[in-house]
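J.: Residue numbers for the sequence shown follow the working numbering, so the first one is 433 and each next one is one higher. C-beta atoms are modelled at their ideal positions from N, C-alpha and C, and glycine is treated no differently. None of the values given here were measured: they were computed from a predicted structure.
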Amino acid sequence: MIKFTVISTKGGVGKTTLTANLGALFADLGLRVLMIDADVQPSLSKFYPLKDPKPAAGLTEVLVRGELAAGCISSTAYPNLDIVVSDDPEGSLPHWLLNRIDRGFRLRVALNSPAVIGAYDCVLIDTQGAVGPLQDAAALAADILVSPITPEILSAREFRDGTMELLERLEPSSALGATLGPMKAVIYRQDRTNDARMIAAGVREDFIKLKGRVTVLDTVVPHAKAYKEAATLRTPVHRHERKRQAVTPSAYTVMHSLAWELIPSLQGTLVEPLSEREEAA
Ligand SMILES: Nc1ncnc2c1ncn2[C@@H]1O[C@H](COP(=O)(O)OP(=O)(O)OP(=O)(O)O)[C@@H](O)[C@H]1O
Ligand SMILES: [Mg+2]
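1) Give the DSSP-derived three-state secondary structure of Gln-622 in the structure shown.
2) Ligand 2 and Lys-660: does the residue's C-beta get closer than 7 Å to at least one heavy atom of that ligand?
3) What is the DSSP secondary structure of Ser-506, counted as helix, strand or coil?
4) Apart from the five residues on each side of it in sequence, which residues of its chain come closer than 6 Å, Cβ to Cβ, to Val-578?
5) Within its chain, find whatever has a CB closer than 8 Å to the CB of Pro-599; leave out the 5 residues flanking it on each side and keep chain order.
6) Please return the same chain residues whose Cβ sits closer than 6 Å to the Cβ of Gly-594, not counting the five positions on each side in sequence.
7) Is it true that the region 564-572 meets the region 534-542, where meeting means three or more beta-carbon pairs spaced less than 8 Å apart?
8) Alpha carbons only, please: which of Pro-583, Thr-582, Asn-512 and Arg-601 is nearest the one belonging to Gln-567?
9) Using DSSP with H/G/I as helix, E/B as strand and the rest coil, what is Lys-478?
10) His-655: beta carbon under 7 Å from a heavy atom of ligand 1?
11) Hey, out of Lys-483, Asp-650, Asp-471 and Arg-666, whose CA is closest to Asp-558's CA?
12) Contact check, Arg-464 vs Asn-512 under 8 Å by CB: the rounded distance?
13) Does Glu-708 come out as helix, strand or coil in the three-state DSSP assignment?
14) Cβ-heavy atom distance between Ser-475 and ligand 1 below 7 Å?
15) Could you tell me the boundaries of the beta strand (DSSP E) in which Ala-470 lies?
16) Do you know offhand how far Ile-631's Cα is from Leu-649's?
17) Check each candidate in Gly-564, Gln-622, Ala-658 and Asp-460 and name the one with the smallest Cα separation from Gly-597.
18) How many angstroms separate the CA atom of Thr-448 from the CA atom of Leu-476?
19) If you reduce the DSSP assignment to three classes, tell me which class Leu-495 lands in.
20) What first and last residue would you give for the beta strand (DSSP E) that runs through Pro-681?
21) What's the C-alpha gap between Arg-666 and Ser-518?
22) For His-688, tell me which candidate among Thr-701, Gln-677, Arg-676 and Val-496 has the shortest Cα-Cα distance.
23) Roughly how many whole angstroms lie between the Cα atoms of Cys-554 and Leu-694?
The structure is reproduced here in structure tokens:
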């Protein structure tokens with residue numbers, strides 16, 4: 433089982449969209465996927481239709497019990513794709529967590545529960561775009577951190593400084609027996625201007641200097657309307673945009689190349705086109 437946490441120190445960069453689309457693609461590639469919505473604003477929980485639209489339990493029970501029981505998991509409308517929903521509309525969970533001595537490790541420990549181990553091949557955790565105990569717990573639960581970065585000069589600087597702070601703050605946890613996974617940055621929502629390309633190149637150079645703590649993935653996710661359209665339709669973007677008559681590659685191509693970089697054993701495997709009957713369903 434491989435665990436990813438999608439994280440950034442900035443809001444609105446595309447974390448939820450990326451988590452949902454990667455989750456659905458891994459699921460369509462045959463992995464058993466569990467997504468966890470660790471943002472008190474439940475955007476990931478609403479991204480895809482759920483089989484039971486009113487789940488009895490979710491993230492609150494996972495953290496309070498320190499165990500991820502089967503009752504906390506909801507099935508989405510898509511095969512192989514399950515989710516632990518965020519169910520804390522008052523936002524009291526981060527405060528509750530803050531008062532626990534084991535706050536950094538509660539989610540990590542919960543992921544070792546029998547309902548997860550052996551039942552899933554991949555866990556994907558979405559986080560809120562702000563520093564806090566929930567973000568820390570989600571970061572420490574992952575094998576690999578995935579961080580979308582939009583190539584605007586301010587956001588690139590903020591990414592570098594904010595990310596270094598985050599990595600430094602969580603690093604001492606290794607003394608407690610938990611190590612922070614490596615971070616893979618994804619250049620995300622790149623438009624086709626020279627400026628964006630130059631900044632993306634600068635981001636890559638910056639991170640080479642940071643001695644391998646962060647690697648920048650080769651795949652670049654472009655700014656494209658397909659991602660928003662797919663979200664509106666509550667469908668995975670690789671199903672929504674298979675082909676594209678333009679310079680930028682289709683979402684189908686982009687998401688596959690990203691998935692292969694994140695799980696290299698998937699390299700070369702493709703989601704088969706749906707039969708017409710399935711597509712109509
Ligand atoms: N590749 C893309 N191209 C264009 N727009 C995109 C792309 N990916 C996501 N978006 C849009 O960008 C907006 C922010 O995305 P999203 O909600 O995923 O960000 P987030 O990091 O989860 O935000 P928050 O920090 O509030 O949780 C949404 O309106 C989404 O539809
Ligand atoms: Mg989000």
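T.: Straight from the coordinates:
1) strand
2) no
3) strand
4) Phe-436, Val-438 and Lys-616
5) Pro is not the amino acid found at residue 599; the sequence shown has Leu there. Excluding sequence neighbours, Leu-599 sits near Leu-612, Met-615, Arg-645 and Val-646.
6) Thr-441
7) yes
8) Arg-601
9) helix
10) yes
11) Asp-471
12) Between Asn-512 and Arg-464 the Cβ distance is about 5 Å, and since that is below 8 Å, they are a contact.
13) Per-residue confidence for Glu-708 stands at a pLDDT of 47, beneath the threshold of 50, marking its modelled position as unreliable; the derived number appears in the next sentence. Residue state for Glu-708 is assigned as helix, using DSSP reduced to three classes.
14) Yes, ligand 1 has a heavy atom inside 7 Å of this Cβ.
15) 465-470
16) 15 Å
17) A quick correction: the sequence has Glu, not Gly, at residue 597. It is Gly-564.
18) 6 Å
19) helix
20) Note, Pro-681: premise wrong, no beta strand (DSSP E); not H, not E.
21) 18 Å
22) The shortest C-alpha separation from His-688 is found at Thr-701.
23) 11 Å
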